[in-house]
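Residue numbers (numbering that gives the first Met the number 0), protein chains in the order written: chain A, 0 to 206; chain B, 0 to 206; chain C, 0 to 206; chain D, 0 to 206.
Have a look at the structure below, then the notes.
4 protein chains.
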Amino acid sequence: MESNRLEAFSDGVLAIIITVMVLELKGPSGPRIADLWHTSGQSLLTYVLSFVYIGIYWNNHHHLFHVTDRVSGPVMWANLHLLFWLSLYPFTTSWMDDTHLARTPTVIYGVNLLAAAIAYYVLQVTILRQPGTGETLRGVLGSDLKGKLSPVLYLAGIGLAFVDPWLGLIPYAAVALIWLVPDRRVERYLEGAGDPVADPRPSRDPL
Amino acid sequence: MESNRLEAFSDGVLAIIITVMVLELKGPSGPRIADLWHTSGQSLLTYVLSFVYIGIYWNNHHHLFHVTDRVSGPVMWANLHLLFWLSLYPFTTSWMDDTHLARTPTVIYGVNLLAAAIAYYVLQVTILRQPGTGETLRGVLGSDLKGKLSPVLYLAGIGLAFVDPWLGLIPYAAVALIWLVPDRRVERYLEGAGDPVADPRPSRDPL
Amino acid sequence: MESNRLEAFSDGVLAIIITVMVLELKGPSGPRIADLWHTSGQSLLTYVLSFVYIGIYWNNHHHLFHVTDRVSGPVMWANLHLLFWLSLYPFTTSWMDDTHLARTPTVIYGVNLLAAAIAYYVLQVTILRQPGTGETLRGVLGSDLKGKLSPVLYLAGIGLAFVDPWLGLIPYAAVALIWLVPDRRVERYLEGAGDPVADPRPSRDPL
Amino acid sequence: MESNRLEAFSDGVLAIIITVMVLELKGPSGPRIADLWHTSGQSLLTYVLSFVYIGIYWNNHHHLFHVTDRVSGPVMWANLHLLFWLSLYPFTTSWMDDTHLARTPTVIYGVNLLAAAIAYYVLQVTILRQPGTGETLRGVLGSDLKGKLSPVLYLAGIGLAFVDPWLGLIPYAAVALIWLVPDRRVERYLEGAGDPVADPRPSRDPL
């Protein structure tokens, strides 16, 4: 089974998730800039966060299947399992928004992030077990430090959200930053990686 | 007519259906975990069920057109007919949710599942009648026990939903499980299959 | 410029339009079958009609670009122009629904159908003017009787909708049927065709 | 990394943005043509404007990646950055509508248009810095007068919107027209171009 149709389907789902979140954005209650800030400010903030997450997943998904030509039945299901958790992002994001970052919704948002990270890990392991593709991928992934660090940070965020929801957002945002920042020293230090959010090749173009 | 554009269009529609259902999920009425459970618990349950169904259809659609290179006019219409019934999933799912699993909506949900299964069967028969592709597909499908069992279970679910809606959900979930579980003994016993929900090849990778 | 990306984009837009209409479907007001009929019956009817129209356009779009390998700038814009009118289907369909098939909305729905048919015709003419592809397409289109009949029927529907909206729906539905019915006698009589809704090749597989 | 999957994902996101705006369209408040005009007239106007913008971006995106075969990590992120600003179009468009073209929302809409134009420019520069593809693209872009004119017009629109929102819409619409009109004299005078809204090749087919 070739991987191109799985990629096309995943692209479709990710493209929809990333765009659908705009529909959940609360419109400002009036025509002034203060209305934009008060009604939608926080929504826009969490929208940016979730947009970046989906973008990172798409980026890594892209790299993961770039070295995977053929997919078995279990890979398909592991992929759908990942898409399931990602599809809940709009739901948990908007709950967090509607309650103005209350404790439980912020914890649940972290659980959703963690569940997606685990699903990505399961997908990666399932591909590694495929005969043929496993070897190439293993070399590309390297020590996968970023991938190992992310769940730890998610757990820290979930713990901190119990203390104060805004504190919990810090580790959540930190995960996104680790994967986003194209700092080559960090990248060399972390030696590549490929989990929830990695560009396996050191980027040569300083943006 | 090559099948790749039909696959791309179907992928698009299925990707949207699977994601659009999230928009229909009722947000929790308050910030506590009890609110999540009371307002959205049941919604999440039926969301998982419908997500798995669409995933299974995508998986089987993928396999079906993998052995179908060219498509005739009737195959196109049979495919749109299938997509029509699948596109009603968000509608019937949310009716069932809004009425807290009342009798009639649960029956109608089952009728929708059954209609999609019949549409899939019609699509399969239409492809089998195409000169050239029919022979390969026939071999792949085998005795298609899973495909024959599913409508029977749907009918059982519809019947049981008249007695108690929650009873009806059991056979509905059972159909999803039959197709999901990668148990090789079951797979060998059922000899492959390819109807609403089949992976025609015995999966060699134990997840 | 190759036509494959234009086709992918159009597939995406059409897939979304066809699915988004489900979101506009009014959910039944209660748990009984009478509620389904009274609140959603009419919505479901117009949904089927619009679903079939989009399906027919996708089908013909597919055929049109099958014989068109390269696209110029004007073809791109003619295609976007068509997609614009098709993107208004959910809007005009739901207006017609919300007003329980009042006169003006039913007339406007017909105007929308007519505008899309004209946009399709403009797209076809723009492709015919392209050097190279024009000749092949001309042969495929034949006398294009179906394409010439459709606008007449739309105009008839618009006229009848002024008398009684339900009367107007008859010619609207008739256009869909002309393109749907795989009657080979009609097809031979109409000699192929390729406008809003045609399968240029006589289908050899009796469904 | 090949560019085709990036194109597919972008096509998906753009297709969804262009269609999702229809969902934000306010339905007419009653069954008369006056209701359509009063409730939805202005919505339809801004919808057309945003539809044309997204169409122009898709068109230019298409041309940009036509001469870009391989994409690096930074190009991927520059592309996601562009998609982010475009994904806010439905949000800013509907704010402008809901407030009946109040001053601040119209200014913010202009800021959104400007941000997307800057993001497109950043994307273009990022591709130009890629070894290999830069040279071809430089030749195609030419002096890029249209691209340089657009931000100036956006800024003029933002300034005029402070005076009167309707005045601000004039330069916004002018940008769309510059890129849309297939006037060959303008095109020759502007020497091609490829920024937010360009067809790098002089169109030879008078539509």
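Glycine included, every Cβ here is placed at the ideal spot set by N, Cα and C.
With distances taken Cα to Cα, identify the nearest neighbour of residue i among the options.
i, options, result
"G29 of chain D", "C:L166, C:T67, C:A160 and C:M95", "C:M95"
"F90 of chain B", "C:P170, C:L22 and C:A155", "C:L22"
"D10 of chain B", "B:S42, B:S49, B:H60 and B:H37", "B:H60"
"S93 of chain B", "B:V121, B:G26 and B:A173", "B:G26"
"P164 of chain B", "B:L144, B:D143 and B:P104", "B:P104"
"V47 of chain B", "A:L48, A:W84, A:N3 and A:V74", "A:W84"
"L176 of chain D", "D:V51, D:Y119 and D:P73", "D:V51"
"L82 of chain A", "A:A101, A:A172 and A:Y56", "A:Y56"
"L152 of chain A", "A:L112, A:Y119 and A:L35", "A:L112"
"I17 of chain A", "A:F8, A:I53 and A:Q129", "A:I53"
"L127 of chain B", "B:A101, B:A114, B:L166 and B:A77", "B:A77"
"R102 of chain D", "D:V12, D:I32, D:G156 and D:H37", "D:G156"
"P43 of chain D", "C:S86, C:V12, C:Y120 and C:H99", "A quick correction: the sequence has Leu, not Pro, at residue 43 of chain D. The option with the nearest alpha carbon to L43 of chain D is C:S86."
"N58 of chain C", "B:T125, B:S71, B:V110 and B:M20", "B:S71"
"T98 of chain D", "A:H99, A:S2, A:V110 and A:D34", "A:D34"
I'd like to know whether the C-beta of residue i is nearer than 8 angstroms to at least one C-beta of chain A.
i, result
"G146 of chain B", "no"
"T103 of chain D", "yes"
"G26 of chain B", "yes"
"F161 of chain D", "no"
Please decide whether residue i counts as near chain C, where near means a Cβ-Cβ distance under 8 angstroms.
i, result
"L122 of chain D", "no"
"A114 of chain B", "no"
"L87 of chain B", "yes"
"L35 of chain D", "yes"
"L152 of chain B", "no"
For residue i, count neighbouring Cβ atoms within 10 angstroms of its own Cβ and tell me buried if that reaches 16, exposed if not.
i, result
"E6 of chain A", "buried"
"V66 of chain D", "buried"
"G40 of chain C", "exposed"
"H62 of chain C", "buried"
"K147 of chain A", "exposed"
"P73 of chain B", "buried"
"A116 of chain C", "buried"
"D182 of chain A", "Note that D182 of chain A scores a pLDDT of 46, beneath 50, so its modelled location is shaky and nothing firm can be said."
"R69 of chain C", "exposed"
"V174 of chain D", "buried"
"V185 of chain A", "With a pLDDT of 44 at V185 of chain A, under the threshold of 50, the modelled position of this residue cannot be trusted; read the value that follows with caution. Classification of V185 of chain A: exposed, given that the 10 Å Cβ count is below 16."
"P130 of chain B", "exposed"
Quick check on residue i - is its C-beta less than 8 angstroms from some C-beta in chain B?
i, result
"P54 of chain C", "It should be noted that the sequence gives Gly, not Pro, for residue 54 of chain C. Yes - at least one Cβ of chain B is within 8 angstroms of the one on G54 of chain C."
"R31 of chain C", "yes"
"T98 of chain A", "yes"
"F50 of chain C", "yes"
"W149 of chain A", "Reading off the sequence, residue 149 of chain A comes out as Ser, not Trp. Not one chain B Cβ lies under 8 angstroms of S149 of chain A."
"R183 of chain C", "Because R183 of chain C carries a pLDDT of 47, less than 50, the predicted location of this residue cannot be relied on, and the following value inherits that uncertainty. Cβ-Cβ to chain B under 8 angstroms: no for R183 of chain C."
"S93 of chain A", "yes"
Which residues share a DSSP beta bridge with residue i?
i, result
"R69 of chain C", "C:E1"
Taking 8 angstroms as the CB-CB cut-off, is residue i touching chain D?
i, result
"I107 of chain C", "yes"
"R4 of chain C", "yes"
"L22 of chain A", "yes"
Determine, for residue i, whether the minimum Cβ-Cβ distance to residues of chain G falls below 8 angstroms.
i, result
"R128 of chain B", "Here the protein chains are A, B, C and D, and chain G is not one of them."
Against chain D: residues of the stretch 7-20 of chain C by CB proximity under 7 angstroms: A7, F8, G11, V12, I15, I16 and V19
Chain D contacts made by the stretch 58-82 of chain A, where a contact means CB separation under 7 angstroms: N58, H61 and H65
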